[in-house]
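Just so you know, we're using our numbering here: the sequence shown kicks off at 1 and counts up by one. A virtual CB, placed ideally from N, CA and C, is assigned to each residue, including glycine. For clarity, every value in this text was computed on a predicted model and none was experimentally measured.
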Amino acid sequence: MNSDPIADYLTRVRNAIKANHRIVEIPSSNIKKDITKVLYDKGYIQSYKFDDSSVQGTIKIALKYNPNTKQSAIVKLERVSTPGLRKYAGSTALPRVLNGLGIAVLSTSKGVMTEKEAKSLNIGGEVLCYVY
Numbered sequence: 001m002n003s004d005p006i007a008d009y010l011t012r013v014r015n016a017i018k019a020n021h022r023i024v025e026i027p028s029s030n031i032k033k034d035i036t037k038v039l040y041d042k043g044y045i046q047s048y049k050f051d052d053s054s055v056q057g058t059i060k061i062a063l064k065y066n067p068n069t070k071q072s073a074i075v076k077l078e079r080v081s082t083p084g085l086r087k088y089a090g091s092t093a094l095p096r097v098l099n100g101l102g103i104a105v106l107s108t109s110k111g112v113m114t115e116k117e118a119k120s121l122n123i124g125g126e127v128l129c130y131v132y
């Protein structure tokens with residue numbers, strides 16, 4: 001049994017990047033699907049596919065690499081809020097990642113989004129992870 005599915009998601013992506021894999025397969029959940037959509041919208045992954053043929057379903061993520069240097073678009077994935085220590089940020093105290101170059105993924109009452117989108121909507125939420 002996995003106690004932190006979001007950390008498992010981030011670790012699978014991180015391990016696939018370190019092993020230079022093109023595609024990574026992850027067990028699916030609604031929050032993982034939302035995080036995948038945010039990463040795709042911000043250009044950190046090349047594409048994704050939700051496969052709901054089994055009971056739980058899977059997410060297939062095609063990772064993005066620079067064609068010349070073969071470096072991943074994702075340099076670091078960092079889990080912030082854990083089941084043992086939740087981290088919340090109000091609309092006035094949203095985190096800046098790498099001085100605005102990275103993104104913080106937040107779970108808000110309006111869904112999963114980046115800190116910039118949350119700031120424009122003037123809402124806060126749980127800080128799930130940092131991506132840069």
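Three-way DSSP call (helix, strand, coil) for residue i in this model
i	result
residue 100	helix
residue 14	helix
residue 88	strand
residue 38	helix
residue 23	strand
From the options, residue whose alpha carbon lies closest to that of residue i
i	options	result
residue 27	56, 120, 46	56
residue 20	42, 64, 7, 4	64
residue 54	86, 34, 29, 66	29
Contact check, residue i vs residue j, beta carbons under 8 angstroms
i	j	result
residue 13	residue 112	no
residue 6	residue 31	yes
residue 124	residue 108	yes
residue 101	residue 119	no
Distance between residue j and residue i (C-alpha atoms, nearest Å)
i	j	result
residue 40	residue 80	20 angstroms
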